[in-house]
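Structure record follows, encoded as structure tokens.
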Amino acid sequence: MTGDTDNKFLNVGLLIIATLLVAKLISALIMPRSQKRLPPVMKGWPLIGGLIQFLKGPIVMLREEYPKLGSVFTVNLVNRKITFLIGPEVSAHFFKASEVDLSQQEVYQFNVPTFGPGVVFDVEYSVRQEQFRFFTEALRVNKLKGYVDQMVVEAEGYFSKWGDSGVVDLKYELEHLIILTASRCLLGREVRDKLFDDVSALFHDLDNGMLPVSVLFPYLPIPAHRRRDRARKKLAEIFENIINSRKLASKSENDMLQCFIDSKYKDGRPTTESEITGLLIAALFAGQHTSSITSTWTGAYLLRHNEYLSAVLEEQKNLMKKHGNKVDHDILSEMDALYRCIKEALRLHPPLIMLLRSSHSDFSVTTRDGKEYDIPKGHIVATSPAFANRLPHVFKDPDSYDPDRFAYGREEDKAAGAFSYISFGGGRHGCLGEPFAYLQIKAIWSHLLRNFEFELISPFPEIDWNAMVVGVKDKVMVRYKRRELSVN
Ligand code: HEM
């Protein structure tokens, strides 16, 4: 009897332990791994979470939270969770994941009313991929060579209107020159020569229709959005006329517009006028402010740092000895010192300060100190070029302007691994216009350095964190004097 009771207790005991073990095992198998190793969460308020900190600006927030929480952390924003991945060690998935796992469509939806229907974030990924193929083809080296000739003509024409000496706001001047060049290379001769003022005004309305509030509510019925929608319609009409008259006259030009007219989808379907207009608007939005901001910062830093100014002047002299006054695609490609100066200005001031994706499947990352985190699907995932480009374990003295950090032997943009330098993004969605942007900025600065002496007379500019494309806050006043760079 006692033996039976003992056995029963033993059996019940064993059964309970076995059940607990099995339950634990099952829960370990079926419970998402992410529930066990979630990233730390930024402290916030009930309901609104970290909204207040976030509204101070993402960079201010990152500066406060990164030292406390590390390179991976989540911010609750009302009903959304944003997980930040900061630094090359935790960024590979962000840049390399497929669209199925990490998509842009939802987070960049706010561009749809500006770009218009049927393009980029308004279409399925397979169509978008084909449209990005059109961009890639329009920006191939053989095309870029033609664009550079036009960039050089535009720069010569623009600066020939300056006097022998004077004072200008470099920011304003470079913004204007870049609109002219972008019009010529991207939108085409008709716009540049005949319709420039009208089209610029319409783009201005599109620009002013993209406000911080538009990111959350792109269709909010406010005057700026109404002007944006009218401008988009008017641009479509203008481009329809241009496209039709080019087709009627069987005329072909060397510009992005022509490339888009000639582009065909895999099934043989040609692009429509509305799609062409949308792709051109997307190109201008991607390339115009980003490039003009970068050319202004480049100038400000060169005028601040005599040693680098001397190096780029020396390089121009050497190239003039070799090629005379000629400037073309291949000669611009030899300007390594100037390239590094632009790249360093862009490291310190990437105009796109936050890149976003929407996650559709769980994934894990390992930080440089070996911590593993699981990021659940449903999170918005973010990285920040403006913050990551200044990490001290990646870039030595990260706040100092030091173009030589990219020179042979140091190569700090690569030494800590891929995705260390992310001003142009990288991986699957890396910028398609990077070579175009460098050529354009080099063409401008090569002309300026060869033809003018400058002195920065306003204080070193500050950053305009409130802009959608983050740029230079103040005027950048310079005194200039015309000269001809002597090759001796
Ligand atoms: C200094 C100038 C520029 C900067 C800093 C810049 C920056 C960037 C960045 C950071 C991305 C990645 C966005 C993301 O991952 O979410 C990007 C993508 C892109 N950029 Fe640029 N960009 C510049 C100039 C241009 C120009 C001149 C063009 C075209 C004429 C252009 C066309 C594009 C396109 C089409 C994409 C989308 C690529 C894709 O999603 O596959 N960009 N750019």
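Every letter in the sequence shown is one number past the one before it in full-length UniProt numbering, and letter 107, counting from 1, is 107. Glycine included, each C-beta is placed from N, C-alpha and C at the ideal position.
A contact between stretches requires three or more CB pairs, one per stretch, nearer than 8 angstroms, and the segment 195-203 fails this requirement with the segment 154-173. The C-beta distance from VAL470 to ILE353 rounds to 5 angstroms, short enough to meet the 8 angstroms contact threshold.
In the DSSP assignment, PHE452 forms a beta bridge with ARG482. LEU38 is positioned such that its CB atom lies no closer than 9 angstroms to that of PRO398. When VAL327, PHE260, PRO113 are compared, the shortest CA-CA separation from LEU186 is found for PHE260. Between LEU174 and ILE457, the gap from beta carbon to beta carbon reaches 9 angstroms or more. Under the DSSP assignment, ILE342 falls in the alpha helix (DSSP H) whose first and last residues are 336-348. The segment 408-421 makes no contact with the segment 357-366, as fewer than three CB pairs between them are under 8 angstroms. Excluding five sequence positions before and after GLU106, the CB atoms of its chain that fall closer than 6 angstroms to its own CB belong to SER358, given in chain order. For LEU47, the number of other beta carbons within 10 angstroms of its own is below 16, and it is reported as exposed. If you ignore the 5 residues before and after SER91, its C-beta comes within less than 7 angstroms of the C-beta of LEU85, THR383, PHE419, all in its own chain and listed in chain order. The C-alpha of HIS360 is placed about 11 angstroms away from the C-alpha of ALA97. Secondary structure at LEU356: strand, using DSSP grouped into helix, strand and coil.
Nearest in C-alpha terms to GLU99, of all of PRO459, PRO270, GLY427, LEU449, is GLY427.
Counting every other CB atom within 10 Å of its CB across the protein chains shown gives SER400 a total below 16, marking it as exposed.
Apart from the 5 residues on each side of it in sequence, PHE110 sits with its Cβ closer than 6 angstroms to the Cβ of SER214, VAL215, PRO218 in its chain, given in chain order. Between PHE134 and the set ALA467, LEU432, ARG482, the nearest pair of CA atoms involves LEU432. Between VAL72 and TYR373, the gap from beta carbon to beta carbon is short of 9 angstroms. Annotation: the continuous beta strand (DSSP E) that includes THR74 extends over 72-77.
Using a Cβ distance threshold of 9 angstroms, TYR108 and LEU356 count as a contacting pair. Annotation for PHE424 indicates a beta carbon within 8 angstroms of some heavy atom of the ligand HEM. For SER252, same chain residues with a beta-carbon under 7 angstroms away, outside a window of 5 residues either side, are GLN258 in chain order. Excluding residues up to 5 positions away in sequence, PRO113, GLY209, SER214, PRO218, TYR219 lie with their Cβ nearer than 8 angstroms to the Cβ of HIS225 in the same chain. When rounded, the separation of the alpha-carbon atoms in ALA138 and LYS371 is 43 angstroms. Proximity of the beta carbon of GLY299 to the ligand HEM is not indicated: no heavy atom of the ligand is located closer than 8 angstroms. Note: VAL90 is not bridge-paired with any residue in the DSSP secondary-structure output. Contact between GLU275 and ILE242 fails: their C-beta atoms lie close to 14 angstroms from each other, not under 8 angstroms. No heavy atom of the ligand HEM is found nearer than 8 angstroms to the CB of MET151. Its chain contains PHE387 as the residues whose beta carbon lies nearer than 8 angstroms to that of ARG63, once the 5 sequence neighbours on both sides are disregarded; these appear in chain order. In this structure, GLY50 places its C-beta atom within 9 angstroms of the C-beta atom of ASN76.
In the structure shown, ASP397 adopts coil according to DSSP, grouped into three states. Relative to the ligand HEM, even the nearest heavy atom lies 8 angstroms or more away from the CB of CYS259.
CA-CA distance, PHE452 to ARG304, rounds to 16 angstroms.
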